[in-house]
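Written below as structure tokens is the structure these notes are about.
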């Protein structure tokens, strides 16, 4: 059995780092099968929770100006005002907000980034296998999102896609319908996936860049005179 | 012969934007002439607003239209397309003003070219929903030993 509180404690120092995904995958391997993993992640508050309301945060004492928010990073929203590769996406589709919460404050930015959330229907040819993979968090560019309260009965689950980013005007995003927020653990997993996808530091890439830097004679070095005159001679 | 699936995206229409734009089909909904009348109607009153219906609440604070969130999102989405179109229309208007002031061949051509840009695109490109990613054969094989069946499984949903 996976203890979510213990898992959250392990993720806390690793949050937003690639190691966090490994911790989650290890925890998933402790469970016997897809059904057990699904039952863990589909609990209310495990990955997702009701949209976190600013009024609720205020009641809990978060009243300073920097605590103000309309949306939080990772919030799941429905909108028809987002664009992907120049196309406006209709069909009241779902998205996760990619921007950091502090950039989602009105007047701080003009545009925001969204990640697509595609529904997996029970009748989809690969539904069982896809769900099996998703609940293990085994794909680097897909994150499991359970079936949400406003999803129809034909939906088995949702997949958050990191391959491809949508854009939306900030003012339109403020009017989007909030479906859910991520739990603390869900937000840590989401942030790790996002960082892993956008800015992963591959040791081989570090080696390539170091080797290239060492092998290149930069123009400034080439043009510099072999024995620069001493600037400090009196 | 397998029938060709209908395109979900205007970009799939091979260079033609020939799809007929869907209309919002908003229809008049219920009318409440006081807040008390609205309060008494409660949830049932809201549920009785017909699909795509626009209800009207007249009360001391003013007149308010009530629509479902799904219709509201469609309206905001269309409004964001209108803002995109405005940019193109402004270019045509500017070209038209210049052509009136200087009706020479170059300026008439500029007007025609900019008008053609808009005429080629009566509907801005859009796509319905998101497609799920496809698993590779290897990924499918990895899951072959799990007996989970999404068609019949009891799938709990977090609720609040």
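Residue numbers (my numbering), protein chains in the order written: chain W, 26 to 259; chain H, 995 to 1154.
For every residue, glycine included, the Cβ atom is placed at its ideal position computed from N, Cα and C.
None of the values given here were measured: they were computed from a predicted structure.
- Residue environment analysis places residue 132 (chain W) among the exposed positions, since fewer than 16 neighbouring C-beta atoms fall within 10 angstroms of its C-beta.
- At least one C-beta of chain H is nearer than 9 Å to the C-beta of residue 188 (chain W).
- Straight through space, the alpha carbons of residue 150 (chain W) and residue 1118 (chain H) are spaced by roughly 32 Å.
- Within the stretch 1059-1139 of chain H, the alpha helix (DSSP H) runs of at least 4 residues that lie entirely inside it are, in chain order, 1063-1095, 1099-1113 and 1131-1136.
- Secondary-structure assignment with DSSP links residue 1054 (chain H) through no beta bridge to anything.
- At a cut-off of 9 Å, the C-beta of residue 1071 (chain H) has a neighbouring C-beta in chain W.
- The three-state reading of DSSP puts residue 182 (chain W) in strand, counting E and B together.
- Look at residue 100 (chain W): its C-beta is not under 9 Å from any C-beta on chain H.
- For the C-beta of residue 1075 (chain H), the chain W residues within less than 8 Å are, from N- to C-terminus, 113.
- Shown here, residue 161 (chain W) sits in coil according to DSSP, grouped into three states, outside any helix or strand.
- Contact annotation for residue 174 (chain W) against chain H: 1151, 1152, 1153 and 1154 [CB-CB distance below 8 Å, chain order].
- For residue 1145 (chain H), the chain W residues whose Cβ falls inside 8 Å of its Cβ are 147, 148, 152 and 153, in order along the chain.
- Taking a C-beta distance under 9 Å as the contact criterion, residue 105 (chain W) and residue 143 (chain W) do not qualify as a contact pair.
- The Cβ atoms of residue 1061 (chain H) and residue 1039 (chain H) lie no closer than 9 Å to each other.
- Interface flag for residue 168 (chain W) against chain H is unset, since no Cβ pair is found closer than 9 Å.
- When C-alpha distances from residue 224 (chain W) are compared across W:187, W:173, W:89 and W:68, the shortest belongs to W:187.
- Residue burial is scored here from C-beta neighbours: residue 28 (chain W) has fewer than 16 other C-beta atoms within 10 angstroms and is therefore classed as exposed.
- Residue 109 (chain W) carries a strand assignment under DSSP once its states are collapsed to helix, strand and coil.
- Contact check for residue 155 (chain W) against residue 1127 (chain H) passes: the beta carbons are separated by less than 9 Å.
- Rounded to whole angstroms, the separation of the alpha carbons of residue 111 (chain W) and residue 168 (chain W) is 24 Å.
- Beta-bridge annotation (DSSP): residue 74 (chain W) is paired with W:206.
- Using a CB distance cut-off of 9 Å, residue 53 (chain W) does not count as an interface residue toward chain H.
- Looking at the DSSP output, residue 171 (chain W) shares a beta bridge with W:182.
- The beta carbon of residue 137 (chain W) sits closer than 6 Å to the beta carbons of 124, 193, 195 and 198 from its chain, once the five residues preceding and following it are set aside; these are given in chain order.
- CA-CA distance, residue 52 (chain W) to residue 32 (chain W), rounds to 8 Å.
- Boundaries around residue 54 (chain W) are those of the alpha helix (DSSP H), 43-54, since no beta strand (DSSP E) includes it.
- Apart from sequence neighbours up to five positions away, the residues of its chain that approach residue 164 (chain W) with a beta-carbon distance below 7 Å are 158, ordered along the chain.
- Within the stretch 214-247 of chain W, not one residue has a Cβ closer than 9 Å to any Cβ of chain H.
- A distance below 6 Å between beta-carbons, with the five flanking residues on each side excluded, links residue 99 (chain W) to the following residues of its chain, in chain order: 121, 207, 212 and 215.
- The beta carbons of residue 74 (chain W) and residue 219 (chain W) sit no closer together than 9 Å.
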